[in-house]
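Peer 1: Numbering (my numbering), first residue to last: -4 to 97.
All C-beta atoms in this analysis are idealised placements derived from N, C-alpha and C, irrespective of residue type, glycine included.
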């Protein structure tokens, strides 16, 4: 929805069902998820380095490792869903905020 786009453009993660599915579509197209919909650790690192080049390599690796570990804890029946994409993006967003505050 238009509201979801406004949220995404402000570097936040939408919580509506349509917003979660928008996130899934976006991160799938960017190669941040594997073909089966699971977290693509290699693709995520490459994507973070490409699209957020202002972040240090250490920051990217730390965020990627933390979010990968968090993604592994998600129930298998949630992987590849819009809710899974939300978990992944919410983690990235949270870790970035934590990194900026240190």
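Would you check if the distance between the CB atom of residue 80 and the CB atom of residue 15 is smaller than 8 Å?
Peer 2: yes
Peer 1: What residues are listed by DSSP as bridge partners for residue 34?
Peer 2: Its beta-bridge partners are 28.
Peer 1: Indicate whether residue 98 and residue 59 have their beta-carbon atoms separated by less than 8 Å.
Peer 2: Summary: the structure shown does not reach residue 98, with the chain confined to residues -4 through 97, and so no result is reported for it.
Peer 1: So, are the CB atoms of residue 33 and residue 82 less than 8 Å apart?
Peer 2: no
Peer 1: Among the residues of its own chain, which have a CB less than 7 Å from the CB of residue -1, if the five just before and after it don't count?
Peer 2: 9, 11, 13, 14, 17
Peer 1: Alpha carbons only, please: which of 85, 31, 30, 61 is nearest the one belonging to residue 112?
Peer 2: Here the chain comprises residues numbered -4 to 97, so residue 112 is not present and cannot be evaluated.
Peer 1: Do you know how far the Cα of residue 63 is from the Cα of residue 51?
Peer 2: 18 Å
Peer 1: Please name the residue, chosen from 7, -3, 20, that lies closest to residue 77 on a Cα-to-Cα basis.
Peer 2: 20
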